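Visitor: Which chain is which? The protein sequence lines are U and R, in order. For the first sequence, my numbering gives the first residue as 2, with consecutive numbering after it. For the second sequence, my numbering gives the first residue as 2, with consecutive numbering after it. Ideal placement from N, C-alpha and C gives every residue a C-beta, glycine not left out. Everything numeric in this text was worked out from a predicted model, so none of it was measured.
Protein chains: 2
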Amino acid sequence: MANYVFGVDVGGTTVKMGLFDLEGNVLEKWEIPTRTENSGEKILPDIAASIQEKLKQKAIAREEVAGVGIGVPGPVEKSGIVHRAVNLGWAELNMKEELSALLDGMRVEGGNDANVAALGEMWKGGGQGHKNLVAVTLGTGVGGGIIINGEIMTGATGAGGEIGHIHVEDNETEACGCGNFGCLEEYASATGITRLANRALKASDKDSVLRRGEVSAKTVFDAVKAGDELAIEVAKQFGEYLGKGLGVIAGIINPEIFVIGGGVSKAGEILFDYIKPSFEKTAFQGSRDAIFALATLGNDAGIYGAARLLL
Amino acid sequence: MANYVFGVDVGGTTVKMGLFDLEGNVLEKWEIPTRTENSGEKILPDIAASIQEKLKQKAIAREEVAGVGIGVPGPVEKSGIVHRAVNLGWAELNMKEELSALLDGMRVEGGNDANVAALGEMWKGGGQGHKNLVAVTLGTGVGGGIIINGEIMTGATGAGGEIGHIHVEDNETEACGCGNFGCLEEYASATGITRLANRALKASDKDSVLRRGEVSAKTVFDAVKAGDELAIEVAKQFGEYLGKGLGVIAGIINPEIFVIGGGVSKAGEILFDYIKPSFEKTAFQGSRDAIFALATLGNDAGIYGAARLLL
């Protein structure tokens, strides 16, 4: 009988791994380096070896393991095929089949890391109790994961939930990393907030604590909390864009809840004060009751969600 | 053994009904009036009576019927609960349970009319062969239906796929019917195109065939085909908004195909020439390969999709 499941979250520099019981309690967490050389050919064998070693170390029999869930940074189809996971060096491979073969046929389920993290937040994080959820990760970029009736919405080619690249500004002159102009990520990521702040500092003569130190998403929201007028202006712009973007998503998806995570979310619930006015102005009334909550699992959302893929 | 299924599409003035075999061939189509008086209390009994009568007339035994699918204009939860179907006079009722009770326990499945029509287009219309589809209906308003892995995406409260009310313009001064400002419907519906045309006629001195006759979505696209410069300007504005809106939807949903229907779609594939430039400029690259196709079932999409709900 199965008593355990592994959750694996593959990042560009480290692979996070967790051993869980079937109720979702994490029994052990550890990391191994992500070896991306030679088109990342070592990544899956390293993961398989680490799992085998953990089984031996804990004296867990193979039959006691329900399987391995794995999240990777890139578009993943339902079949397990990964297309161009740039940060891992992978071109195209079926990670479910390959990892399963390395583990003598053990069951493997996989998904995109942002989608898998969304599933983790639904299961054990800020979205507990909800089955229709949009997770928004405000980090260096803006990532997203959409859960419909408890299942990840993968999309036709694994690119579902790429909410960082929805268009929210017609008059942008700087290109987004993706090549388009006016993507949500250009205003709502940590990088985007810094950009908005630098623009505001340049455009205004107003004094601000931001003129006397580092300008970052963190210092902007620290300044907001201290009542800094210019920082508040920046937060309003950030909230205007993000609220509008989430309003559009609400009209399309009609989720119960938005779970906001990533480094920027460390600012706390004050973010919602800036997001909600434009959300309420732009969201369709039938979808306007969506709840806003903070993510609670931090960097562990990925291993939780990966484990959940098996259950 | 079941050989038949009924598809019912409830509109504000008539109820369209169809008797289908299990392969989706329509054996008979008919209509009854929608009696909306007294909070629409007659609507479901009228439908049940018409089904009973059809069974008698065709000498079909009850056991030969797999069930009844029904689409209604309003938000419908998975459970069958309809919230405020304004055009029918309904406040809140469980139409699956009520119609089933009127048919002595016959199986009933239901959905929102736009969502159900999307399912019809997937099954037997412009979206055949695809399981991840966004249907866009450009009529008096802009309706939408989203199909994920072959199933309707209902949303948390039945308001999923309300794409007519996604925000696409920050500087709109006229309110949409929903109360918000800058909804897609204000530019991409038949009414919206007429509004854009009247604005353009007023703002410009340019001669146009539109100055010498009725201004409507149809006359605009007729004029476009005749090379009328001002009409072409209007079509470009329409396409700019709709392409941008569909680009955002693509980034979120990552569909295989957009199926465009409704009265405006009678203009034909020329629409795509105006939609695609802004779609390609704004859609995330991983979702940019979505196909554009015209809906083919017209007003029958609803009864086809309703029948499909049972299969």
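Residues of chain U with a CB under 8 angstroms from the CB of residue 76(R): which are they?
Guide: Under the 8 angstroms cutoff, chain U gives 287.
Visitor: Would the beta-carbon of residue 247(U) fall within 7 angstroms of that of residue 239(U)?
Guide: Result no, Cβ atoms of residue 247(U) and residue 239(U) do not sit closer than 7 angstroms.
Visitor: Please list, in chain order, the chain U residues whose beta carbon lies closer than 8 angstroms to that of residue 133(R).
Guide: Per Cβ cutoff of 8 angstroms: 156 and 157.
Visitor: Given that residue 39(R) touches chain U, what residues does it touch there, using C-beta distances under 9 angstroms?
Guide: Neighbours of residue 39(R) on chain U: none; closest Cβ ~25 angstroms, over 9 angstroms.
Visitor: Residues of chain U with CB closer than 9 angstroms to the CB of residue 180(R), please, in chain order.
Guide: Those are 286, listed as they occur along chain U.
Visitor: When you compare the segment 2–10 of chain R with the segment 184–199 of chain R, are there three or more beta-carbon pairs, one atom per stretch, that lie closer than 8 angstroms?
Guide: No contact exists between the segment 2–10 of chain R and the segment 184–199 of chain R.
Visitor: Return yes when the Cβ of residue 275(U) is within less than 7 angstroms of the Cβ of residue 236(U), no when it is not.
Guide: A contact, by the Cβ cut-off of 7 angstroms.
Visitor: By a C-beta neighbour count over all protein chains shown, 10 Å radius and 16 as the cutoff for buried, is residue 14(U) buried or exposed?
Guide: With fewer than 16 other Cβ atoms within 10 Å, it is exposed.
Visitor: May I ask you to list, following chain order, the residues of the segment 239–271 of chain R that have a beta carbon less than 7 angstroms from some beta carbon of chain U?
Guide: Of all residues in the segment 239–271 of chain R, 245, 248, 249, 250, 252, 253, 254, 255, 256 and 257 have a Cβ within less than 7 angstroms of some Cβ in chain U.
Visitor: Going by the beta-carbon positions, is the gap between residue 143(U) and residue 167(R) smaller than 7 angstroms?
Guide: Going by C-beta atoms, residue 143(U) is not nearer than 7 angstroms to residue 167(R).
Visitor: When you compare only the Cα positions, how much space is there between residue 200(U) and residue 188(U)?
Guide: Spanning the two alpha carbons is a distance of roughly 11 angstroms.
Visitor: Less than 7 angstroms between the beta carbons of residue 22(U) and residue 72(U), yes or no?
Guide: Contact: no.
Visitor: Quick test of your reading: residue 19(R) and residue 30(R), contact by CB under 8 angstroms. State the CB separation rounded to the nearest angstrom.
Guide: That belief holds up - the Cβ atoms of residue 19(R) and residue 30(R) are roughly 5 angstroms apart, short of 8 angstroms.
Visitor: Under a Cβ-count criterion, where at least 16 other Cβ atoms within 10 Å of its own Cβ denotes burial, should residue 257(U) be classed as buried or exposed?
Guide: Residue 257(U) is buried by the Cβ-count criterion.
Visitor: Is any beta-carbon of chain U found at less than 7 angstroms from that of residue 72(R)?
Guide: No - not a single Cβ of chain U is within 7 angstroms of the one on residue 72(R).
Visitor: Quick check on the DSSP output: the alpha helix (DSSP H) that includes residue 150(U) runs from which residue to which?
Guide: Counting along the chain, residue 150(U) falls outside any alpha helix (DSSP H), and DSSP gives it neither H nor E.
Visitor: Based on Cα-Cα distance, which residue from 60(R), 178(R), 126(R) and 87(R) lies nearest to residue 302(R)?
Guide: It is 126(R).
Visitor: DSSP on residue 212(U), reduced to helix/strand/coil?
Guide: If DSSP states are grouped into helix, strand and coil, residue 212(U) belongs with the helices.
Visitor: With a CB to CB cut of under 8 angstroms and the five nearest residues on each side skipped, what residues in its chain are close to residue 95(R)?
Guide: Only 80, 81, 82 and 83 meet the Cβ criterion.
Visitor: What residues in the segment 118–146 of chain R have a beta carbon less than 7 angstroms from any beta carbon of chain U?
Guide: If the cut-off is 7 angstroms between Cβ atoms, the segment 118–146 of chain R has 133 near chain U.
Visitor: Between the segment 160–179 of chain R and chain U, which residues of the former have a C-beta closer than 9 angstroms to a C-beta of the latter?
Guide: Listed in sequence order: 160, 161, 162, 163, 164, 165, 166, 167, 168, 169, 170, 171 and 179.
Visitor: Using a Cβ-based criterion (distance less than 6 angstroms to any ligand heavy atom), does residue 171(U) qualify as near the ligand SAH?
Guide: The model on display carries no ligand, and the ligand SAH is accordingly not part of it.
Visitor: Check for me: the beta strand (DSSP E) holding residue 33(U) runs from which residue to which?
Guide: Unbroken beta strand (DSSP E) run through residue 33(U): 27–34.
Visitor: In chain R, which residues lie with their C-beta within 8 angstroms of the C-beta of residue 149(U)?
Guide: Within 8 angstroms Cβ-Cβ: 149 and 154.
Visitor: What residue range does the alpha helix (DSSP H) around residue 99(R) cover?
Guide: Residue 99(R) -> alpha helix (DSSP H) spans 96–103.
Visitor: Does the beta-carbon of residue 34(U) have 16 or more other beta-carbons within 10 angstroms, so that it is buried, or is it exposed?
Guide: Flag for residue 34(U) reads exposed.
Visitor: Residue 283(U) touches chain R at which residues, Cβ-Cβ below 7 angstroms?
Guide: Going along chain R in sequence order, the residues near residue 283(U) (Cβ under 7 angstroms) are 168 and 181.
Visitor: For residue 18(U), which residues does DSSP report across the bridge?
Guide: DSSP output for residue 18(U) lists 9(U) and 31(U) as bridge partner(s).
Visitor: Beta strand (DSSP E) containing residue 72(U): first to last residue?
Guide: Looking at the DSSP string, the run of the beta strand (DSSP E) that includes residue 72(U) is 66–73.
Visitor: Between residue 150(R) and residue 132(R), is the Cβ-Cβ spacing less than 7 angstroms?
Guide: Yes, these two residues count as a Cβ contact at 7 angstroms.
Visitor: Leaving out the 5 sequence neighbours to the left and right, which residues in its chain are closer than 8 angstroms to residue 108(R) when beta-carbon positions are compared?
Guide: Excluding positions up to five away in sequence, the list reads 67, 68, 69, 101 and 311.
Visitor: So residue 122(R) and residue 296(R) are supposed to be a Cβ contact under 8 angstroms. How far apart are they, rounded?
Guide: About 5 angstroms; that satisfies the 8 angstroms criterion.
Visitor: Tell me whether residue 229(R) is buried or exposed, calling it buried when 16 or more other Cβ atoms sit within 10 Å of its Cβ.
Guide: Buried: at least 16 other Cβ atoms inside 10 Å.
Visitor: For residue 255(U), count neighbouring C-beta atoms within 10 Å of its own C-beta (all shown protein chains included) and say buried if the count is 16 or more, exposed if not.
Guide: The residue is buried, with at least 16 neighbouring Cβ atoms inside 10 Å.
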